[in-house]
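Quick note: the sequence shown uses the working numbering, first residue 21, plus one each step. From the three backbone atoms N, C-alpha and C, an ideal C-beta is built for every residue, glycine too. Scroll down for the structure; my scribbles are underneath it.
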Amino acid sequence: MTQDDGVRLLGRPEVEHRCGIGRSEIYRRLDSGDFPEPVRIGRAVRWRSDGIAAWIDALPRATR
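Pasting the structure below:
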């Protein structure tokens, strides 16, 4: 029996949409260690939705 914890695996297009950054910026931030590591499933690359949400929450807030 498994527990549904609400975590989804997101493809790159959905990660781009949620984060508001493009493919090259995702990989640039991955190389610098400033982005959640993806999970490989065969040849597919996916990101955990909870990791992406935590990354977004950790971004600095805009000031006026």
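Nearest to TRP75 by alpha-carbon distance, out of GLY26, ASP25 and VAL35, is VAL35. Per DSSP, the unbroken beta strand (DSSP E) holding VAL65 starts and ends at 64-68. VAL65 and PRO80 have their C-alpha atoms some 27 Å from each other.
When rounded, the separation of the alpha-carbon atoms in THR83 and ARG43 is 27 Å. ARG38 is positioned such that its CB atom lies closer than 7 Å to that of ILE72.
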